[in-house]
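Peer 1: Take this structure first; my questions come after.
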Amino acid sequence: MFFNSLSFALFLPAVFLLYWFVFNKTKSTQNLILILASYYFYSCWDWRFLFLLVFSTFLDYYTGIRIEKAKTETARKFWFWLSIAVNLGFLGIFKYYNFFAASFSELVNGFGLQTSPLLLNVILPVGISFYTFHGLSYVIDIYLKRIKAEYNFIDYSLFVSYFPLLVAGPIERATHLLPQVKVKRSFDFEKAKEGIYQIIWGLVKKVVIADTCATYANAIFDNYESMNSLSLLLGTVYFAFQIYGDFSGYSDMALGMSKLFGLDLLRNFNYPYFSRDIAEFWRRWHISLSTWFRDYLYIPLGGSSGGMAMKIRNTFVIFLVSGFWHGANWTFIAWGFINALYFLPLLLLKKNRSNMETVSLYWNWSSLKVILSMISTFALTCLAWIFFRAKSIGEAFDYIGRIFTNQSFLPQYLENERYSYEIILLIIAFILVEWNSRTQTEPISGRYSWVKVTLCIMAIIALGTYSDYKEFIYFQF
Amino acid sequence: MKYFFLFFLRILIITLLLLVVLDLVYTKVYLKSSNRGKIDYVYNSQAQQYDVVVLGSSRANNHFVAPLFEEKGLKTFNYGMSGGHLFEASLLLKLMVERQYTIKNVILEADLNLSNEQMADGIASKFLPYIHNSKTIEKHFSSQKDFNQLFYIPFYRYVDFETRIGFREMFFNCIHKRTVHLDNLGYYPLGKNPNANMKNDLTNLKPLHNKYYEEIKQICKANNINLIVVMTPMCTNTKGLDYFEKVRQFYPEIHNYENAVEGDQYFSSCGHMNDRGARKFTAIIIKDFFNK
Chain A
391 MFFNSLSFAL FLPAVFLLYW FVFNKTKSTQ NLILILASYY FYSCWDWRFL
441 FLLVFSTFLD YYTGIRIEKA KTETARKFWF WLSIAVNLGF LGIFKYYNFF
491 AASFSELVNG FGLQTSPLLL NVILPVGISF YTFHGLSYVI DIYLKRIKAE
541 YNFIDYSLFV SYFPLLVAGP IERATHLLPQ VKVKRSFDFE KAKEGIYQII
591 WGLVKKVVIA DTCATYANAI FDNYESMNSL SLLLGTVYFA FQIYGDFSGY
641 SDMALGMSKL FGLDLLRNFN YPYFSRDIAE FWRRWHISLS TWFRDYLYIP
691 LGGSSGGMAM KIRNTFVIFL VSGFWHGANW TFIAWGFINA LYFLPLLLLK
741 KNRSNMETVS LYWNWSSLKV ILSMISTFAL TCLAWIFFRA KSIGEAFDYI
791 GRIFTNQSFL PQYLENERYS YEIILLIIAF ILVEWNSRTQ TEPISGRYSW
841 VKVTLCIMAI IALGTYSDYK EFIYFQF
Chain B
15 MKYFFLFFLR ILIITLLLLV VLDLVYTKVY LKSSNRGKID YVYNSQAQQY
65 DVVVLGSSRA NNHFVAPLFE EKGLKTFNYG MSGGHLFEAS LLLKLMVERQ
115 YTIKNVILEA DLNLSNEQMA DGIASKFLPY IHNSKTIEKH FSSQKDFNQL
165 FYIPFYRYVD FETRIGFREM FFNCIHKRTV HLDNLGYYPL GKNPNANMKN
215 DLTNLKPLHN KYYEEIKQIC KANNINLIVV MTPMCTNTKG LDYFEKVRQF
265 YPEIHNYENA VEGDQYFSSC GHMNDRGARK FTAIIIKDFF NK
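Chains as they are written, first to last, in the numbering used here: chain A, 391 to 867; chain B, 15 to 306.
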């Protein structure tokens with residue numbers, strides 16, 4: 391059941407009505423209906439993995455209590471490491487085992503020994519990386535005595551399994567979501583209205599921008615050997631907007647529908663393609679994951695408190711782990727490594743926190759510099775996306791090589807019977823809308839909101855891509 | 015909550031109004047279109063006179079060289095549509111009759127396409143803009159399982175077949191951007207294709223008593239049109255060629271020209287002859303059926 395499917399369009403209003411009109415008596419009944427809805431939502435993907443989700447929830451719930459109640463440090467550590475090991479164990483088996491087995495086999499074969507890896511025939515449970523990270527942050531926070539353990543299983547389950555964030559985030563923190571779950575929610579019209587606007591804008595990003603770009607990006611990436619330089623360049627730009635529209639569109643819809651239930655989720659994107667350097671990009675892209683790695687990996691590793699060497703090491707560690715989090719493939723690791731390389735000069739020059747304020751432009755030379763820095767950051771990001779999108783690192787290098795060696799910049803007719811340049815105007819229009827609303831969460835609120843809503847709905851109906859249905863990219867992670 | 019429901023109701027009303035308005039606008043544009051493809055060309059045309067009309071799939075579109083018929087004095091147009099099935103061929107013929115075309119002969123390519131009665135989404139969708147303006151189209155689609163959605167939900171058809179009749183196609187119609195579909199009197203010549211797959215396996219294909227083929231026969235009979243039904247050539251390396259014999263057992267009136275042109279030098283892919291092959295084949299057809 392996808393957010394942009396007809397079945398979800400029936401599911402969401404049904405849950406909304408039950409939540410506010412039938413189960414509205416106490417916070418427990420509110421939480422109960424959301425939990426039931428979340429489990430139903432998850433079982434629509436694959437009911438078998440519901441057991442995994444419930445087990446994972448119970449594990450962290452129970453170990454959290456045991457950590458808090460432990461009388462000795464040894465017991466505290468035992469329950470903590472048990473939770474970490476089981477959580478990462480599940481992630482390892484379902485997501486990474488085959489990758490490690492195949493890579494090990496390849497390595498051994500490289501030494502002349504013939505081995506065939508013992509691969510598992512398992513499918514990746516949808517959302518496992520997200521709900522595992524929810525649980526991990528909760529247990530770590532209890533272990534570090536930042537929060538108290540949650541004793542109400544329903545409340546805790548809702549924190550882990552809340553359907554808007556269950557399959558693709560944002561990765562919530564117990565400190566942020568649990569306090570909201572602990573109180574009865576009252577209906578807030580303004581918040582619900584904002585939520586509807588955010589859902590509509592999320593849909594625009596998904597079906598108008600991401601899926602349209604995907605049609606072109608796929609035609610270019612899947613046939614990159616026959617594409618000319620212009621098409622290859624456009625392919626990277628299209629993929630950049632595909633993945634942004636897809637993931638941030640999903641996040642917008644998740645945040646928006648959560649507002650309908652009176653719950654605020656963490657913001658996940660903040661106009662990342664207007665970043666002036668890579669450090670700023672990572673403060674604006676997939677924020678809930680970046681801050682998760684910052685708080686639970688970078689800082690425990692020593693963060694920036696040590697010398698420059700430690701900073702560099704820790705930066706590389708979090709980028710490589712972040713890449714690996716996305717998927718068990720060397721391409722994601724390469725993507726993480728490239729981003730770490732981009733980060734390196736900023737670290738060395740101590741400029742990684744230089745662009746903290748919202749970007750503004752005026753009619754002067756310094757604004758030209760800002761524009762150039764935004765364009766160059768976007769170009770670097772696109773270059774890294776090639777590794778993210780390619781099937782192998784070799785293919786990514788080949789793709790990049792062809793951009794420079796082909797030297798043809800003529801419009802090209804793609805396999806899907808479209809010209810490669812056809813959606814440039816759509817992307818420019820999208821950039822302009824995003825630019826004008828960069829201080830807001832979505833562009834619809836404010837003056838003329840009804841005009842803007844009408845235009846957005848019109849874009850969804852008329853410009854959306856529907857016949858060639860595309861899943862949300864981040865569901866696979 | 016009351017305010018929220020009113021707010022939501024307004025959004026629903028806006029959405030519904032947009033669906034209706036966009037449906038009207040798109041349909042209006044398609045009603046003025048006549049140079050994008052064979053369907054809009056026929057739909058928006060007046061009565062015409064033809065000695066020969068060619069119908070069928072790409073194996074008609076790429077195989078019958080309409081200009082060769084013209085050279086022999088036969089006014090011809092190739093209405094074969096790549097990817098089309100007999101569902102679309104039948105409907106196109108109905109529209110021609112409805113527009114009082116005078117047709118002496120219909121050459122129908124009926125071979126591989128006899129094996130299914132499904133509509134070909136990519137081609138059939140091109141009729142859908144006119145579904146509210148033509149009883150013939152409405153009736154033809156009425157047996158389709160999603161007819162109610164296509165007919166009654168405004169704009170549904172433009173969303174469902176967005177790659178074929180969606181915004182992009184509507185926009186090109188608006189600016190009167192031409193396609194090549196109507197060039198060469200509808201015939202689309204294929205060249206050499208070095209990467210073509212010169213193999214085909216027809217062993218799993220089974221001819222049906224095809225409803226739409228029967229319809230075409232009836233239309234021709236009712237309108238005194240001479241119907242010539244032919245099976246067209248396949249490349250050398252084709253398995254299951256007895257399929258053509260099975261077709262003959264079902265429909266003895268269908269002429270088997272499967273082996274009329276032999277040799278892969280005449281083919282662009284296994285099921286499609288190149289221009290050289292098509293010319294050779296067309297010459298045989300003209301000689302056999304028109305004695306010219």
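By construction, the Cβ of each residue, glycine as well, lies at the ideal position given by its N, Cα and C atoms.
1) Residues of the stretch 162 to 183 of chain B in Cβ contact with chain A at a cutoff of 9 Å, in chain order, please.
2) Could you list which residues in chain B have their beta carbon closer than 9 Å to that of A/Phe577, in chain order?
3) Determine the contact status of B/Asp135 and B/Leu204, defining contact as a CB-CB distance below 8 Å.
4) Residues of chain A with CB under 7 Å from B/Ile137, in chain order?
5) Taking DSSP as the reference, what is the three-state secondary structure of B/His195?
6) For the stretch 209 to 240 of chain B, list every residue whose C-beta sits within 8 Å of some C-beta in chain A, in sequence order.
7) How big is the Cα-Cα spacing for A/Tyr856 and B/Glu176?
8) Determine, using beta carbons only, whether B/Met245 and B/Asn218 come nearer to each other than 8 Å.
9) Just to confirm the assignment, what range does the beta strand (DSSP E) spanning B/Lys118 have?
10) Could you give the DSSP three-state label for B/Gln63: helix, strand or coil?
11) Check the C-beta distance from A/Leu472 over to A/Thr453 and give it rounded, since I have them as a contact under 8 Å.
12) Is the shortest distance between the beta-carbon of A/Thr453 and the beta-carbons of chain B less than 8 Å?
13) Which whole runs of the alpha helix (DSSP H) in the stretch 465 to 525 of chain A are 4 residues long or more, in chain order?
14) Kindly list, in the order they appear in chain A, the residues whose Cβ is closer than 8 Å to that of B/Thr6.
15) Would you check if the distance between the CB atom of B/Tyr201 and the CB atom of B/Val120 is smaller than 8 Å?
16) I believe A/Ile677 touches A/Asn660 by the beta-carbon criterion, under 8 Å. Please report the beta-carbon distance rounded to the nearest angstrom.
17) At a Cβ threshold of 8 Å, is A/Gln817 touching chain B?
18) Give me the DSSP bridge partner(s) of B/Thr252.
19) Do you know whose CA, among A/Phe577, A/Tyr587, A/Ile818, A/Tyr409, lies nearest A/Tyr838's CA?
20) Determine, using beta carbons only, whether B/Tyr170 and B/Leu164 come nearer to each other than 8 Å.
21) What does A/Lys583 touch in chain B if you count any residue whose Cβ is under 8 Å from its own?
22) Across which residues does DSSP place B/Ile242 in a beta bridge pair?
23) Is B/Tyr40 helix, strand or coil by DSSP?
24) If the cut is a Cβ gap below 7 Å, which residues of chain A does B/Thr29 touch?
25) Could you list the residues in the stretch 186 to 208 of chain B with a C-beta less than 7 Å from some C-beta on chain A, going in chain order?
26) Does the Cβ-Cβ distance between B/Ser129 and B/Pro266 come in under 8 Å?
27) B/Leu69 bridges to which residues according to DSSP?
28) For A/Leu816, which option in A/Leu853, A/Phe484, A/Phe794, A/Lys781 has the closest C-alpha, if you only look at C-alpha atoms?
29) Is the Cβ of A/Val594 closer than 8 Å to any Cβ of chain B?
30) Under a CB-based cut-off of 8 Å, is A/Tyr809 close to chain B?
31) Using the C-alpha atoms, what's the distance from A/Asp788 back to A/Leu622?
32) Which of the three DSSP states is assigned to B/His77 in this structure?
33) Ordered along the chain, which non-local residues of its own chain (more than five positions away) have a Cβ less than 8 Å from that of A/Ala774?
34) Between B/Ile1 and B/Ala138, what straight-line distance do the alpha-carbon atoms span, to the nearest angstrom?
35) Helix, strand or coil for A/Met698? Go by DSSP, reduced to three states.
36) Is B/Met184 helix, strand or coil when you go by DSSP?
Peer 2: On the basis of the supplied data:
1) Taking a C-beta cut-off of 9 Å against chain A, the contacting residues of the stretch 162 to 183 of chain B are Phe169, Tyr172, Val173, Asp174, Phe175, Glu176, Thr177, Arg178, Gly180, Phe181, Arg182, listed in chain order.
2) Position 187 of the first sequence holds residue 577 of chain A. Chain B residues near A/Phe577: Met15, Phe18.
3) Taking the first residue of the second sequence as position 1, residue 135 of chain B is located at position 121. Taking the first residue of the second sequence as position 1, residue 204 of chain B is located at position 190. No.
4) The residue you call residue 137 of chain B lines up with position 123 of the second sequence. Within 7 Å Cβ-Cβ: nothing; B/Ile137 doesn't reach chain A, min ~14 Å.
5) If you number the second sequence from 1, residue 195 of chain B lands on position 181. B/His195 falls in the coil class under three-state DSSP.
6) Flagged: no residues at all.
7) As a working mapping, residue 856 of chain A is identified with position 466 in the first sequence. As a working mapping, residue 176 of chain B is identified with position 162 in the second sequence. A straight-line Cα-Cα distance of about 7 Å links A/Tyr856 and B/Glu176.
8) For the purposes of this step, residue 245 of chain B is taken as the residue at position 231 of the second sequence. For the purposes of this step, residue 218 of chain B is taken as the residue at position 204 of the second sequence. B/Asn218 is positioned such that its CB atom lies no closer than 8 Å to that of B/Met245.
9) Counted from its first residue, the second sequence places residue 118 of chain B at position 104. Taken as a continuous stretch (DSSP letters only), the beta strand (DSSP E) holding B/Lys118 covers 116 to 123.
10) Stepping through the second sequence from its first residue, residue 63 of chain B is reached at position 49. Residue state, collapsed to three classes: strand.
11) One-based indexing of the first sequence puts residue 472 of chain A at position 82. One-based indexing of the first sequence puts residue 453 of chain A at position 63. That belief holds up - the Cβ atoms of A/Leu472 and A/Thr453 are roughly 6 Å apart, short of 8 Å.
12) Taking the first residue of the first sequence as 1, we reach residue 453 of chain A at position 63. For A/Thr453, the answer is no, since every Cβ of chain B falls outside 8 Å of its Cβ.
13) DSSP runs (the alpha helix (DSSP H)) wholly in the stretch 465 to 525 of chain A: 487 to 500.
14) In the structure as shown, chain B starts at 15 and stops at 306, and residue 6 of chain B therefore has no counterpart that could be examined.
15) Residue 201 of chain B sits at position 187 when you count from the first residue of the second sequence. Residue 120 of chain B sits at position 106 when you count from the first residue of the second sequence. Not a contact, by the Cβ cut-off of 8 Å.
16) Counted from its first residue, the first sequence places residue 677 of chain A at position 287. Counted from its first residue, the first sequence places residue 660 of chain A at position 270. Yes, A/Ile677 and A/Asn660 are in contact; Cβ-Cβ is about 7 Å, under 8 Å.
17) Here residue 817 of chain A is taken as the residue at index 427 of the first sequence, counted from 1. It is worth fixing the name first, because residue 817 of chain A is Ile in this sequence and not Gln. At a cut-off of 8 Å between C-beta atoms, A/Ile817 does not count as an interface residue with respect to chain B.
18) Start at 1 with the first residue of the second sequence, and residue 252 of chain B comes out as number 238. Here B/Thr252 is bridged, per DSSP, to B/Asn214.
19) Within the first sequence, the letter at position 448 stands for residue 838 of chain A. Nearest option by C-alpha distance: A/Tyr587.
20) In the second sequence, counting from the first residue as 1, residue 170 of chain B sits at position 156. In the second sequence, counting from the first residue as 1, residue 164 of chain B sits at position 150. A contact, by the Cβ cut-off of 8 Å.
21) For the purposes of this step, residue 583 of chain A is taken as the residue at position 193 of the first sequence. Residues of chain B passing the Cβ test: Phe18, Phe21.
22) Start at 1 with the first residue of the second sequence, and residue 242 of chain B comes out as number 228. Answer by DSSP bridge pairing, in chain order: B/Ile121.
23) Taking the first residue of the second sequence as 1, we reach residue 40 of chain B at position 26. Note: B/Tyr40 maps to helix in three-state DSSP.
24) Sequence index remark: in the second sequence, residue 29 of chain B carries index 15 (1-based). Those are Ile847, listed as they occur along chain A.
25) For the stretch 186 to 208 of chain B, which is checked against every Cβ of chain A, not one residue is closer than 7 Å.
26) Position 115 of the second sequence holds residue 129 of chain B. Position 252 of the second sequence holds residue 266 of chain B. The Cβ atoms of B/Ser129 and B/Pro266 lie no closer than 8 Å to each other.
27) Indexing the second sequence from 1 puts residue 69 of chain B at position 55. For B/Leu69, the beta-bridge partners assigned by DSSP are B/Leu122.
28) Here residue 816 of chain A is taken as the residue at index 426 of the first sequence, counted from 1. When C-alpha distances from A/Leu816 are compared across A/Leu853, A/Phe484, A/Phe794, A/Lys781, the shortest belongs to A/Leu853.
29) Residue 594 of chain A sits at position 204 when you count from the first residue of the first sequence. For A/Val594, not one C-beta of chain B is nearer than 8 Å to its own C-beta.
30) As a first step, residue 809 of chain A is located in the first sequence; it is residue number 419 there, counting from the start. No, no contact with chain B.
31) By one-based count along the first sequence, residue 622 of chain A stands at place 232. By one-based count along the first sequence, residue 788 of chain A stands at place 398. Each residue's alpha carbon lies about 11 Å from the other.
32) In the second sequence, counting from the first residue as 1, residue 77 of chain B sits at position 63. In this structure, DSSP gives B/His77 a state outside helix and strand, which the three-state scheme calls coil.
33) Within the first sequence, the letter at position 384 stands for residue 774 of chain A. Here the set comprises Trp725, Ile728, Asn729, Tyr732.
34) Only positions 15 to 306 of chain B appear in the structure, and residue 1 of chain B is not among them; the question remains open.
35) Stepping through the first sequence from its first residue, residue 698 of chain A is reached at position 308. A/Met698: helix per DSSP, three-state reduction.
36) For the purposes of this step, residue 184 of chain B is identified with residue 170 of the second sequence, where counting begins at 1. In the three-state reduction of the DSSP assignment, B/Met184 falls in the helix class, which pools H, G and I.
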